[in-house]
Amino acid sequence: MRKTTRYKVEGASSLWQIYKTVSFWKVAKCFIVIEISRVTPFLAMKNWLYRHLLHMKVGERTAFALKVVPDTMFPERISVGDDTIIGYNTTILAHEYLIDEYRLGDVKIGSRVMVGANSTILPGVTIGDDAVVSAMTLVNRDVPAGAMVGGNPMQIIYTKEQREKKLSEKS
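Read the sequence shown against the numbering used here and you will find it ends at 202, with the numbers running on by one and no gaps.
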C-alpha cells in the first residue's frame with residue numbers, strides 16, 4: 032500500500048479545484064523550471080535547479096536523463112539518493128487528483144537506483160537502495176532494496192538475493 036494522505040473535496044472534481052490546494056504561482060514556477068531541466072544536457076545544472084528552486088532532495092552524482100518530469104505541484108516531496116539514474120521521460124508524481132479527493136505522498140528513491148526510461152512513479156512510494164526498475168514500469172508500490180522490478184502493474188522480477196546470485200554466476 033502506498034503511503035498517501037487523502038483529502039476529500041466537494042462540488043467539482045479535485046483537479047478543477049487545484050488552486051485551492053496549491054498556489055498558481057508555485058505551479059507556474061515549477062512548470063518553467065521543469066521544462067528548462069527536461070531539455071538541458073547539463074546534469075549538475077539540473078540538480079542545482081531541482082535542489083534550489085524546487086526544493087527537492089537530490090543526492091550527489093544523481094543523473095536525471097532528458098525529458099524527466101518531477102511533480103509540478105509538490106516537487107519538494109521527492110527525494111533521490113546518491114549515484115542514482117532516472118531514465119529518459121520518467122514521471123515522478125507526489126500527487127494524484129481524483130474525482131472526490133486528491134492524494135499527496137512523499138516519493139523516496141534510494142541511492143544507486145536505476146530507473147529505466149518511460150517509467151512512472153506514483154505518490155507515496157519508496158524505492159530502496161540498489162534497486163533496478165526496468166523501462167516502462169508503473170511503480171505503484173514500494174520496491175525492496177536491491178530488487179529488480181518491472182511491468183504494469185509492477186512485479187518483482189528478482190529479489191536482492193536472486194539478483195546477487197545471478198550476478199555472481201556471470202562473473
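For glycine and all other residues, C-beta sits at the position ideal for the given N, C-alpha and C.
Outcome for G181 when other beta-carbon atoms lying within 10 angstroms are tallied against a minimum of 16: For the purposes of this step, residue 181 is taken as residue 150 along the sequence shown, with counting starting at 1. Burial call: buried.
Through-space distance from R134 to V99, alpha-carbon basis: Sequence index remark: in the sequence shown, residue 99 carries index 68 (1-based). Sequence index remark: in the sequence shown, residue 134 carries index 103 (1-based). Looking at the two C-alpha atoms, the distance is approximately 22 Å.
The segment 139-153 in contact with the segment 52-71 per 3-pair CB rule at 8 Å: Because the criterion of three Cβ pairs below 8 Å is not met, the segment 139-153 and the segment 52-71 do not touch.
I109, buried or exposed, once every other Cβ within 10 Å from all chains shown has been counted against 16: For the purposes of this step, residue 109 is taken as the residue at position 78 of the sequence shown. So I109 counts as buried.
Inter-stretch contact at 8 Å, needing at least 3 Cβ pairs: the segment 154-168 / the segment 73-87: no
Of the listed residues D113, E195, T103, nearest to L84 (C-alpha basis): Along the sequence shown, read from residue 1 onward, the residue named residue 84 stands at position 53. Closest by alpha carbon: T103.
K88 at chain C interface by Cβ criterion, 8 Å: Protein chains in the displayed structure number just one, and chain C is not present.
Spatial distance of D161 from A176 (CA atoms): Counting from 1 along the sequence shown, the entry for residue 161 is found at position 130. Counting from 1 along the sequence shown, the entry for residue 176 is found at position 145. Straight-line Cα distance between these residues: approximately 6 Å.
Classification of P154 by the beta-carbon crowding that lies within 10 angstroms, buried from 16 upward: Counting from 1 along the sequence shown, the entry for residue 154 is found at position 123. With 16 or more Cβ atoms within 10 Å of its Cβ, P154 is classed as buried.
Closest residue to V138 among G118, F105, D114, I130 (Cα-Cα distance): By 1-based counting over the sequence shown, the position of residue 138 is 107. Distances from the alpha-carbon of V138 to those of G118, F105, D114, I130 put F105 closest.
First through last residue of the alpha helix (DSSP H) which encompasses E41: Indexing the sequence shown from 1 puts residue 41 at position 10. Element bounds for E41: n/a, residue is neither H nor E.
For S110, the three-state DSSP class (helix, strand or coil): The residue you call residue 110 lines up with position 79 of the sequence shown. Reduced to three states, the DSSP call for S110 is strand.
Member of T35, D113, K88, N120 whose CA lies at the smallest distance from the CA of R69: Start at 1 with the first residue of the sequence shown, and residue 69 comes out as number 38. Out of T35, D113, K88, N120, N120 has the C-alpha closest to the C-alpha of R69.
Extent of the continuous beta strand (DSSP E) run through Q186: Here residue 186 corresponds to residue number 155 of the sequence shown, with the count starting at 1. Start and end: 186-189.
For H83, the first and last residue of its enclosing alpha helix (DSSP H): Working through the sequence shown from its first residue, we reach residue 83 at position 52. Where H83 is concerned, the enclosing alpha helix (DSSP H) stretches over 74-83.
Exposure of A125, with buried meaning 16 or more beta-carbon neighbours within 10 Å: Translated into positions along the sequence shown, residue 125 becomes position 94. Buried, since its Cβ has 16 or more Cβ neighbours within 10 Å.
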